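Using the working numbering, the first residue of the sequence shown is number 1059, and each one after it goes up by one.
What follows is a short report on a single structure.
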Amino acid sequence: MNNLPLLNDLRVFMLVARRAGFAAVAEELGVSPAFVSKRIALLEQTLNVVLLHRTTRRVTITEEGERIYEWAQRILQDVGQMMDELSDVRQVPQGMLRIISSFGFGRQVVAPALSALAKAYPQLELRFDVEDRLVDLVNEGVDLDIRIGDDIALI
């Protein structure tokens, strides 16, 4: 397994097989037809099979190429799904969030909003406390203090 095919080479091969030509694929990818031909040749060398029959007028897929095409399609779909799932994991808030608020405002406004947040992001662990006292955020491990009214520091 030292010489695995590159995913991009499989993608180029699939495009060439679908379009039955190098020029259209080269134009679509913004590269030269020689680049597309080189990628196909390297893929054929890596896999040790002939993927395409080439003539001056057209390109057709070989029997081995059809089998590789089916495998490549599954592989690229799986990789695409993996990338989508990884993207989802990175974008979904997760972990623990400790929030405090004043008693009345916390119960009437903050708690319902946090309930909706917890439903939307089940991977997020919310710990919510209501406190009418001044809290040392750092020493008590509080991430967010939500209050209304005058700033206590100004009184």
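All C-beta atoms in this analysis are idealised placements derived from N, C-alpha and C, irrespective of residue type, glycine included.
Just so it is clear, the structure is predicted and the values come from calculations on it, not from any experiment.
Bridge partners - residue i, DSSP secondary structure assignment
{"i": "residue 1186", "result": "1157"}
{"i": "residue 1204", "result": "1159"}
Contacting residues, own chain, Cβ-Cβ under 7 Å from residue i (five flanking each side not counted)
{"i": "residue 1100", "result": "1067"}
{"i": "residue 1097", "result": "1067 and 1070"}
{"i": "residue 1074", "result": "1080, 1083, 1094, 1098, 1110 and 1117"}
{"i": "residue 1199", "result": "1156"}
{"i": "residue 1123", "result": "1075, 1109 and 1110"}
Terminal residues of the beta strand (DSSP E) in which residue i lies
{"i": "residue 1067", "result": "Per DSSP, residue 1067 belongs to no beta strand (DSSP E); it is in the alpha helix (DSSP H), 1065 to 1077."}
{"i": "residue 1120", "result": "No beta strand (DSSP E) holds residue 1120; DSSP gives it neither H nor E."}
Contact set for residue i: own chain, Cβ-Cβ below 8 Å, skip 5 residues either direction
{"i": "residue 1120", "result": "1107, 1108, 1109, 1110 and 1111"}
{"i": "residue 1134", "result": "1065, 1068, 1069 and 1072"}
{"i": "residue 1179", "result": "1150, 1151 and 1152"}
Whole-angstrom C-beta distance between residue j and residue i, which should lie under 8 Å
{"i": "residue 1158", "j": "residue 1203", "result": "5 Å"}
{"i": "residue 1117", "j": "residue 1079", "result": "6 Å"}
Element boundaries [alpha helix (DSSP H), containing residue i]
{"i": "residue 1110", "result": "Looking at the DSSP string, residue 1110 is not in any alpha helix (DSSP H); the run it does join, the beta strand (DSSP E), is 1110 to 1112."}
{"i": "residue 1083", "result": "1080 to 1087"}
{"i": "residue 1094", "result": "1091 to 1105"}
{"i": "residue 1175", "result": "1169 to 1178"}
Own chain, CB closer than 6 Å to residue i, minus 5 neighbours either side, in chain order
{"i": "residue 1206", "result": "1163"}
Three or more C-beta pairs below 8 Å linking the region 1181 to 1192 and the region 1149 to 1162: yes
Can at least three beta-carbon pairs, one atom from the region 1066 to 1086 and one from the region 1100 to 1116, be found at a separation below 8 Å? yes
Report yes or no: do three or more beta-carbon pairs, one from the region 1083 to 1094 and one from the region 1159 to 1169, lie closer than 8 Å? no
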